[in-house]
Amino acid sequence: IDLDELAVFVSVSRRQLERLFQKYLHCSPSRYYLKLRLIRARQLLKQTPMSIIEVASVCGFVSTPHFSKCYREYYGIPPRDERVGSNTTQQVAMIPLPQALGLSPLSDPSSALGQARNESTFASVRI
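In my numbering, the protein residues as written are 213 to 339.
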């Protein structure tokens, strides 16, 4: 997602868009997009058998170490521990995955990347 294209789409300047994000969401557009990707990653870790490498890739992270670092900074625990912790009684409310929304279910985790590329939240913000 290109920030300049997004600004044109909503009919404001790039700088105004950055100000609006800061005013209403208390973060930059890139930080907000990172948050969305990490929320999606947490869903996938808790609700699918996908490996951490697959989750990182599907959520638009180029490297698994970078994904793990961002995840640990945001949630306070590494993704590996999130997966282990999902077997306990402590559950976090999650937004339904596409299958729960009546969309085509994944026949296997390897097809998740292809499906994710068609989602509007795929990849990184260029700033």
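For glycine and all other residues, C-beta sits at the position ideal for the given N, C-alpha and C.
Out of the options, point me to the one whose CA is closest to residue i's CA.
i, options, result
"Leu248", "Pro290, Asp216, Phe279", "Phe279"
"Glu340", "Ile251, Ile213, Tyr236", "Since the first and last residues shown for the chain are 213 and 339, residue 340 lies out of range."
"Gln259", "Pro291, Asp214, Ala219, Ile213", "Pro291"
"Met262", "Val222, Leu229, Leu215, Glu294", "Glu294"
"Glu230", "Val296, Phe221, Pro241, Val222", "Pro241"
Suppose contacts are defined by Cβ-Cβ distances below 8 angstroms. Is residue i in contact with residue j by that definition?
i, j, result
"Tyr270", "Leu257", "First, the amino acid is wrong: residue 270 is Val here, not Tyr. Taking 8 angstroms as the Cβ cut-off, Val270 and Leu257 do not qualify as a contacting pair."
"Arg254", "Tyr287", "yes"
Keeping to the same chain, check which residues put their C-beta closer than 7 angstroms to that of residue i; ignore five residues upstream and five downstream.
i, result
"Ser225", "Ala219"
Using a Cβ-Cβ cut-off of 8 angstroms (strictly less than) and excluding sequence neighbours within five positions of residue i, which residues of its own chain qualify?
i, result
"Gln228", "Ala219"
Taking the runs of the alpha helix (DSSP H) that are 4 residues or longer, which of them lie wholly in the region 257 to 282?
264 to 270
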